[in-house]
Amino acid sequence: MFTKLDPANATGQDHLIWKILFDRQTALLHRRAAPAFSQALARLGFRREAIPDIDELSANVSKYSGWQLAPVGRPFEPAAFFARLAERQFPVVTRIRPMRAFDFSPEPDLFHDLFGHVPMLLDEGLANFLHALGQAYQAQPVGSAAREQLWALYFFTAEFGLVQHEGQPRLYGAGLLSSAGEIHHCVNENTPRPVFDLATVLHTPVTGTRYQNQYFMLPAWEQLTDCVAELAGLLAVA
1 MFTKLDPANA
11 TGQDHLIWKI
21 LFDRQTALLH
31 RRAAPAFSQA
41 LARLGFRREA
51 IPDIDELSAN
61 VSKYSGWQLA
71 PVGRPFEPAA
81 FFARLAERQF
91 PVVTRIRPMR
101 AFDFSPEPDL
111 FHDLFGHVPM
121 LLDEGLANFL
131 HALGQAYQAQ
141 PVGSAAREQL
151 WALYFFTAEF
161 GLVQHEGQPR
171 LYGAGLLSSA
181 GEIHHCVNEN
191 TPRPVFDLAT
201 VLHTPVTGTR
211 YQNQYFMLPA
221 WEQLTDCVAE
231 LAGLLAVA
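Take full-length UniProt numbering: the last position of the sequence shown gets the number 238, and nothing is skipped along the way.
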């Protein structure tokens, strides 16, 4: 059973946290975010003043992309998470980070999910990519290396992915879009940003409790779609 968040019952502190995070991130993301993110943020009518109503936002997302938002009380385990993706549903955690975790939240919260993930669901390429990952994950045996590899692929794309746009790196992963600390770390000239290579990404260890050691950059947005066709031949291959 999903836990429903009614923004009308959110505290003033909750709305203040949303406002501060919204202002900080939109300022940091100027000329750093992928065009698809900035366009969708405006199209969905996100406002700095208050946390969006999840039901209304879900209806808007569905209108544009066919996806729905699924409010949950805590982050799902990978199997349950990918099962939702296979149904074109994106889980949204209904708690917001405390002020002490402004720069970096070690696990998804409401700001991460609504601000970071939801706008990108309006991009057909990314939405179809997530759906394909959900289906591929379910097709693999429980506990298999292939499932771990699919989690790594999700992690280094939808969470921490970069894409080349007009000769410059642009952010599209929600872990970057929603975290000031992660952005600063990512754009530091000493942080590796290798070109996205599917075989390499599938075998790169996932780190969820600190800033990433590296960020993979797509040479072009279309490669995200193209790599889905390559998956079957590479999964669980050493």
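Idealized CB from N, CA, C, for every residue including glycine.
Exercise for review: Check each candidate in V93, V61, R84 and S62 and name the one with the smallest Cα separation from P71.
Suggested key: Here the closest residue by C-alpha is V93.
**Study point:** Identified DSSP bridge partners for H203
**Key:** Partner(s): none; H203 has no beta bridge.
Review point. In or out: Q168 buried (at least 16 other Cβ within 10 Å) or exposed?
Key: Classification for Q168: exposed.
Point to revise | Any beta strand (DSSP E) of 3 or more consecutive residues that is wholly inside the segment 129-190 | key: If we require 3 residues or more, the beta strand (DSSP E) runs fully inside the segment 129-190 come out as 162-165 and 168-171.
Exercise for review: Determine the direct distance from the alpha carbon of I96 to that of I51, and round the result to whole angstroms.
Suggested key: Whole-angstrom Cα-Cα distance: 10 Å.
Review point. Which class does F90 belong to by DSSP, given the choice of helix, strand or coil?
Key: Three-state result, F90: strand.
Review point. Which residues in the same chain as F2 place their Cβ atom closer than 7 Å to its Cβ, once the five residues preceding and following it in sequence are excluded?
Key: Since pLDDT at F2 reaches only 35, below the 50 mark, its modelled position is unreliable, and no value is offered.
Practice item. With DSSP collapsed to three states, give me the class of Q212. Key: Secondary structure of Q212 (DSSP, three-state): coil.
**Study point:** Three-state class that DSSP yields for L5 in the structure shown
**Key:** For L5, the predicted model reports a pLDDT of 49, less than 50, meaning its position is unreliable; a value from the coordinates is still stated below. Of the three classes helix, strand and coil, the one that applies to L5 here is coil, per DSSP.
Exercise for review: Answer with buried or exposed for L235, where buried requires no fewer than 16 other C-beta atoms within 10 angstroms of its C-beta.
Suggested key: Flag for L235 reads buried.
**Study point:** Span of the alpha helix (DSSP H), counted from its first residue to its last, around L16
**Key:** Residues G12 to L28.
Practice item. Could you tell me if V61 is buried or exposed, where buried requires 16 or more neighbouring beta carbons within 10 angstroms of its beta carbon? Key: With 16 or more Cβ atoms within 10 Å of its Cβ, V61 is classed as buried.
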